[in-house]
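Asks:
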Amino acid sequence: MVRRMGKDTVKFKCHHCNHCCTEVVCLPSPWDVKRIAKMVDVEPYEFLEFLEPDEIEGVEDDDPTWLNVGAKRYMMALERHETKGCHFLDRKTRYCSIYEARPLLCRLYPFKAQESKEGKFKGFTLHSDVGCPKHQDGVYEVKPLFDLYVQDDINQEDYHELVEIFNAREYENKEPEDFVTMFMDGFATFLTDDQDD
Ligand code: SF4
Ligand code: SF4
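In this text, residue positions in the sequence shown follow the numbering used here: the first is 400, and each later residue adds one.
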C-alpha cells in the first residue's frame, strides 16, 4: 500500500531500532565515499567491500552500477559485519559514527520519492518493502528531503557514467578496487597506467 504524504511534510520518526544500519547493505556513491574518507581520514578500501551478485539482494541485473571485472561483477558497498552491521555503526552507542558525512541513501531512508510517468516529482512516501517499522509519531519537512533527492539523482547519473568508463576498460590484473582509485585520484592513475597496453 502506498501511503500518501502531505505536501510540505512527511509523517515519520526514527526510533533508532538499528534495522537499516545492521540488516540493509548500504550502497554509497563515489561522492559519499570521498566525503567519508575525508572525514575519517582513512583509505576507502578500509571501509568498502565489493559484493558479488549472490551476496546482495534487491539489486537488478541491469543496474548501471555493477562493476565489470573480467567475467565477474561487483557492487560497491559499505563494509558490513554479519552480526554487528555497518562498519560505521558505533558498537557502544548504536548510532552512526559518521552521521554528518553519511551517504545520501542513509539520509533518504526510509523515504521514497514518488514520480509521475514523465519523471516529475510528486511527493514522498515511505518505502513499503523495507524493514523500517515506519513510526509516524514525528514530522519531517519535505524541502530538505527533496534537495537530497535531487542531489542523489545528479550523483547517480555521474556514478553511472564513471562505471561505464571503468567497465569499458579491460587490462591485466583489473580489480574492483581500481574503480575507487579511479575516482579518488580524479582518473589520473586510471588513464595513464592502463593506456600502454
Ligand atoms: S553509514 Fe551510518 S547511517 Fe549509514 S548504514 Fe552505516 S551506520 Fe547506518
Ligand atoms: S529502520 Fe527506520 S526506525 Fe529503524 S533506525 Fe532505520 S530509519 Fe530508524
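Glycine included, every Cβ here is placed at the ideal spot set by N, Cα and C.
Would you check if the stretch 429–442 and the stretch 498–507 touch, i.e. whether three or more CB-CB distances between them fall below 8 Å?
Replies: Yes: at least three Cβ pairs fall under 8 Å.
Asks: Can you tell me whether residue 405 is helix, strand or coil according to DSSP?
Replies: Note on residue 405: pLDDT 46, under 50, position unreliable in the model; the coordinate value appears next. Note: residue 405 maps to coil in three-state DSSP.
Asks: Could you check what DSSP says for residue 426 in three-state terms: helix, strand or coil?
Replies: coil
Asks: According to DSSP, what are the bridge partners of residue 538?
Replies: Note: residue 538 is bridge-paired with 410 in the DSSP secondary-structure output.
Asks: Using a Cβ-Cβ cutoff of less than 8 Å, which residues in the same chain neighbour residue 596 once the five nearest sequence positions on both sides are dropped?
Replies: Confidence in residue 596 is poor, its pLDDT being 41 and thus under 50, which makes the residue's placement unreliable; the coordinate value appears in the next sentence. Around residue 596: 570, 571.
Asks: On a Cα-Cα basis, can you pick out the residue from 582, 581, 574, 584 that is closest to residue 473?
Replies: 574
Asks: Among 540, 419, 561, whose alpha-carbon lies nearest the alpha-carbon of residue 475?
Replies: 561
Asks: Counting pairs of beta carbons, one from the stretch 417–427 and one from the stretch 539–547, are three or more of them closer than 8 Å?
Replies: no
Asks: Return the chain-ordered list of same chain residues with a C-beta closer than 6 Å to the C-beta of residue 428, the five sequence neighbours on each side being excluded.
Replies: 554, 558
Asks: Give me the Cβ distance between residue 579 and residue 452, rounded to the nearest whole Å; I'm assuming they're in contact under 8 Å.
Replies: With 8 Å as the limit, residue 579 and residue 452 do not qualify as a contact, their Cβ atoms being about 20 Å apart.
Asks: Are the CB atoms of residue 413 and residue 585 nearer to each other than 9 Å?
Replies: no
Asks: Could you tell me if the beta carbon of residue 411 falls within a distance shorter than 8 Å of some heavy atom in ligand 1?
Replies: no
Asks: I need the boundaries of the beta strand (DSSP E) containing residue 446, first residue and last residue.
Replies: Premise fails: residue 446 is in no beta strand (DSSP E) and is neither H nor E.
Asks: With a threshold of 8 Å (Cβ to nearest heavy atom), would residue 457 be considered close to ligand 2?
Replies: no
Asks: Classify residue 518 as buried or exposed, calling it buried when 16 or more other Cβ atoms lie within 10 Å of its own Cβ.
Replies: exposed
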